[in-house]
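Numbered as in this note's numbering, the sequence shown ends at 294 without a single skipped number.
The beta-carbon is built from N, C-alpha and C at its ideal position, and this holds for glycine as well.
Given the structure is predicted, the values throughout are model-derived calculations rather than measurements.
Notes for the one structure printed next.
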Amino acid sequence: MFPTLYDFGPITILGKTIPIGIHSYGIMMALAFLSVLVGLQRELPRKNIDVQLAFPIVFRALVFGIIGAKIYYAIEYRDLSALISSSGLVWYGGLIGGSVAVLYTIHRSGNPILPTIDAIGPLLLLGHGIGRIGCLLAGDGCYGRRCTLSWPWGMKFPAGIKPTIDRISGEVFSVYPTPLYEFLMMVVAFSLFWYFRKKL
């Protein structure tokens, strides 16, 4: 799809060449975290929680989520060079790192943990859904199996990070765009939770 929106060219750090640019995945991740921040700034006061807690929660979730995702990748693939690369992120590591940072931030602030997490929960669905669009635009390989359906239920990623090109025939084939399906599910789930949040 569109993994790189603008390429500034590579730089070399510690003998490793790193491409520098504006990437669609990074843009969507920024939008995801921004949407959570805006939502928290609206939701925390409703629960009588200090609105000033919103930024530290989101910022630390971002920083420690990236650190956790990089460490998890480096351990899983035994590749320490991934720690300084522009890629190499594992979702589970980000969840672990971000969750620990958020719980620590809430605890240190003296605010109640469960109501604060309750405010964050639905927004995570929205943020995760937006992040999945980043995966789709990057063509990072988290799509499904081959299919014979036409667009938008079957998509081709010839220029993706993991191209959908048959190694033997060279044919560009369609796959199920699972990030798109997941985005739709997350938006529906978020909408339901957000609508009913005042009643629960």
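Practice problem: Could you please give the first and the last residue of the uninterrupted alpha helix (DSSP H) stretch that includes Leu99? | Solution: Along the sequence shown, one-based indexing puts residue 99 at 5. Not the alpha helix (DSSP H): Leu99 falls in the beta strand (DSSP E), residues Thr98 to Ile107.
Quiz item: Does the Cβ of Ala168 lie closer than 6 Å to at least one heavy atom of the ligand MN?
Solution: Questions concerning the ligand MN fall outside what the structure shown contains, since it holds no ligand whatsoever.
Practice problem: Measure the C-alpha to C-alpha separation of Gly191 and Ser263 and round it to an integer number of angstroms. | Solution: Counting from one through the sequence shown, the residue named residue 191 turns up at place 97. Counting from one through the sequence shown, the residue named residue 263 turns up at place 169. Their Cα atoms are separated by approximately 42 Å.
Quiz item: Within this structure, are the beta carbons of Ala232 and Ser118 separated by less than 7 Å?
Solution: As a position in the sequence shown, residue 232 is number 138, starting the count at 1. As a position in the sequence shown, residue 118 is number 24, starting the count at 1. Contact flag set, yes.
Self-check item: Rounded straight-line distance, which links the Cα of Thr199 to that of Gly115
Solution: For the purposes of this step, residue 115 is taken as the residue at position 21 of the sequence shown. For the purposes of this step, residue 199 is taken as the residue at position 105 of the sequence shown. Spanning the two alpha carbons is a distance of roughly 32 Å.
Quiz prompt | Distance between beta carbons of Leu183 and Tyr167, contact taken as under 8 Å | solution = Reading the sequence shown from its first residue, position 73 is the one you call residue 167. Reading the sequence shown from its first residue, position 89 is the one you call residue 183. About 6 Å separates the two Cβ atoms, so the contact holds.
Quiz item: Helix, strand or coil: how does DSSP classify Arg240 here?
Solution: Residue mapping note: residue 240 aligns to position 146 of the sequence shown, counting from 1. Looking at Arg240 - three-state DSSP - the assignment turns out to be strand.
Quiz item: Per DSSP, what kind of secondary structure is Val282 in: helix, strand or coil?
Solution: Counting from one through the sequence shown, the residue named residue 282 turns up at place 188. It is helical.
Self-check item: Beta-carbon contacts of Pro209 that lie in its chain and below 7 Å, excluding the five residues immediately before and after
Solution: Start at 1 with the first residue of the sequence shown, and residue 209 comes out as number 115. The residues are Lys141 and Ile143.
Quiz item: So the alpha helix (DSSP H) Pro252 belongs to, where does it begin and stop?
Solution: Residue 252 sits at position 158 when you count from the first residue of the sequence shown. First-last for Pro252: undefined, no H or E at that position.
Quiz item: Taking buried to mean at least 16 other C-beta atoms within 10 Å of its own C-beta, is Thr258 buried or exposed?
Solution: On the sequence shown, position 164 is the one that residue 258 refers to. The residue is buried, with at least 16 neighbouring Cβ atoms inside 10 Å.
Quiz item: Does the distance from the C-beta atom of Gly187 to that of Ala148 stay below 7 Å?
Solution: In the sequence shown, residue 187 corresponds to position 93, counting from 1. In the sequence shown, residue 148 corresponds to position 54, counting from 1. No. Outside cutoff.
Quiz item: Is the beta carbon of Ile77 less than 7 Å from the beta carbon of Met122?
Solution: Examination of residue 77 is not possible in this model, given that the chain is present from 95 through 294 alone.
Quiz item: Grouping DSSP H, G and I as helix and E and B as strand, with all else coil, what is Gly184?
Solution: Here residue 184 is taken as the residue at index 90 of the sequence shown, counted from 1. Looking at the sequence shown, residue 184 is not Gly but Val. In this structure, Val184 counts as coil in the three-state DSSP scheme.
Self-check item: Backbone CA spacing between Ile178 and Met280 [nearest angstrom]
Solution: The residue given as residue 178 occupies position 84 in the sequence shown. The residue given as residue 280 occupies position 186 in the sequence shown. Roughly 31 Å separates the two Cα atoms.
Quiz item: Which stretch, first to last residue, makes up the alpha helix (DSSP H) that contains Pro209?
Solution: As a position in the sequence shown, residue 209 is number 115, starting the count at 1. Per DSSP, Pro209 belongs to the alpha helix (DSSP H) from Ile207 to Ala232.
Self-check item: Close beta carbons around Gly238, own chain, < 7 Å, minus the five adjacent residues each side
Solution: The count along the sequence shown starts at 1 and reaches residue 238 at position 144. Excluding residues within five positions, the ones whose Cβ falls inside 7 Å are Val269, Tyr270 and Thr272.
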